[in-house]
Amino acid sequence: MTESTRIALALGSGGARGYAHIGAIRELERRGFTIAGIAGSSMGAVIGGMYAGGKLDEYEEWALTLNQLEVFRLLDPSILEPGAIRASKILDRIREMLGDIAIEDLPIPFIAVATDLAAGRSVWFQNGPLDAAIRASIAIPGVISPSVLNGRVLADGGILDPLPVGATASIDANMVVGISVNGEPEISDHWTPVRTDPGAIEELLGKFRRGAEQLRSPVSSVMTRLSATPSDENSEIDDTAEPDDAVQSVPKLGRLEVMNRSLDVMQAALSRYQRAGHPPDLLVEIPRTACRALDFHRAAELIELGRTATAAALDSAGLDVSDDD
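Per the UniProt record's numbering, the very first residue in the sequence shown carries number 1; after that it's consecutive.
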């Protein structure tokens, strides 16, 4: 390896686990690698966009100050939107940091990956407003409302491309490094496995939505009974007459938590399939059980996890530009 070693980074999706991308970038730079360009899905697009825009230091400093209550406020819960949260406050903060900048004006190539829900294919943003591309890329199904751009309904890039190695093909680099935050669970000293009970953020969002449902339930109940036929009402009574004892053994998980975990498992499987066709030269994996998708108050430990995992992967591959100086 020489000082000319330029790497293309593929930063994967995975909610708050994406904080690990910050630690990965820090370790790569510490070892003398030059980041020639970045492709990112979802949280990978956020971190990649911040780095490409020269605002990663500011973003990291802000993320390290967040506690659970502040995260809940930033998530901006939604009742009527097609997602549990609008994320408008988060996007406002991102816009404040990045300013009005276009992707094509960034100092290094950057690709934000989103999913066109109507066409059923990935969309690679390589020009246009950076903040709009990031907004489209982070629209986690059922969690963050989709984005509408130029008549297209766009959602999270991780739906079809959880580790966008293929999107780095146009970047002039010597090697491709993929940072996946949907790795297989692995017990180590560097992270705390996720518990089976819902996290504080998920609980707050669940209570918010349940409260909203309670406000609407009296009207909904009346309308249901007015529109129901006698057979409908009898069927409803029969359905509730026999409790299912098997339900007692199921962990207490809210709908949002079930959705997030299901998406994690799906993306992990899809990542493995895609890597078979587009393998990176170096793969760094963060266990998908490192934290919950909405644990954005755990920046410090996740950044450190990304750093240590990247250091271990580089050591294992014998890659360290600084050793050649």
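Built from N, CA and C at the ideal position, the CB exists for glycine as well.
Beta-ladder partner(s) of residue i, from DSSP
i: residue 115; result: 122 and 155
i: residue 9; result: 38 and 177
i: residue 286; result: Residue 286 is not bridged to any residue.
i: residue 149; result: 152
i: residue 129; result: 102
i: residue 77; result: 85
i: residue 183; result: 287
i: residue 110; result: 38
i: residue 144; result: 85
Residue i: first and last residue of the uninterrupted alpha helix (DSSP H) it sits in
i: residue 66; result: Looking at the DSSP string, residue 66 is not in any alpha helix (DSSP H), and its letter there is neither H nor E.
i: residue 321; result: Segment: none, residue 321 is in no alpha helix (DSSP H) and carries neither H nor E.
i: residue 51; result: 43-52
i: residue 30; result: 20-30
CA nearest to the CA of residue i, picked from the options
i: residue 270; options: 131, 164 and 145; result: 164
i: residue 55; options: 122, 88 and 131; result: 131
i: residue 309; options: 150, 38, 146 and 183; result: 183
i: residue 109; options: 316, 53, 87 and 69; result: 53
i: residue 122; options: 171, 28 and 158; result: 158
i: residue 97; options: 77, 69 and 61; result: 61
i: residue 275; options: 261, 161 and 305; result: 161
i: residue 68; options: 319, 305, 180 and 299; result: 299
i: residue 306; options: 106, 9 and 27; result: 27
i: residue 171; options: 304, 39 and 20; result: 39
i: residue 278; options: 258, 87, 178 and 16; result: 178
i: residue 318; options: 291, 173 and 282; result: 282
i: residue 332; options: 45, 16 and 51; result: The requested residue 332 is not part of the displayed model; the chain covers only 1 to 325.
Residue span of the beta strand (DSSP E) that contains residue i, given as start and end
i: residue 305; result: Per DSSP, residue 305 belongs to no beta strand (DSSP E); it is in the alpha helix (DSSP H), 299-317.
Straight-line gap, residue i to residue j (C-alpha atoms, nearest Å)
i: residue 139; j: residue 312; result: 32 Å
i: residue 103; j: residue 42; result: 16 Å
i: residue 7; j: residue 99; result: 26 Å
i: residue 217; j: residue 142; result: Note that residue 217 scores 46 on pLDDT, short of 50, meaning its location in the model is unreliable; the coordinates nonetheless yield the value given after this. C-alpha separation (whole angstroms): 21 Å.
i: residue 49; j: residue 74; result: 19 Å
i: residue 76; j: residue 293; result: 16 Å
i: residue 57; j: residue 262; result: 32 Å
i: residue 63; j: residue 117; result: 30 Å
i: residue 316; j: residue 13; result: 24 Å
i: residue 129; j: residue 106; result: 11 Å
i: residue 195; j: residue 127; result: Residue placement at residue 195 is flagged as unreliable, the pLDDT there being 45, under the threshold of 50; a coordinate-derived value is accordingly withheld.
Assumed close pair residue i, residue j - CB separation to whole angstroms, cut-off 8 Å
i: residue 134; j: residue 94; result: 6 Å
i: residue 321; j: residue 23; result: No, residue 321 and residue 23 are not in contact; Cβ-Cβ is about 18 Å, not under 8 Å.
i: residue 115; j: residue 185; result: Not confirmed; about 26 Å, so no contact.
i: residue 10; j: residue 280; result: 6 Å
i: residue 154; j: residue 147; result: 5 Å
Distance cut-off 7 Å: residue i Cβ against heavy atoms of the ligand MN
i: residue 28; result: The ligand MN is not among the ligands present in this structure, which contains no ligands whatsoever.
Residue-chain proximity (residue i, chain B), Cβ-Cβ < 8 Å
i: residue 75; result: Absent from the structure: chain B. Only one protein chain is present.
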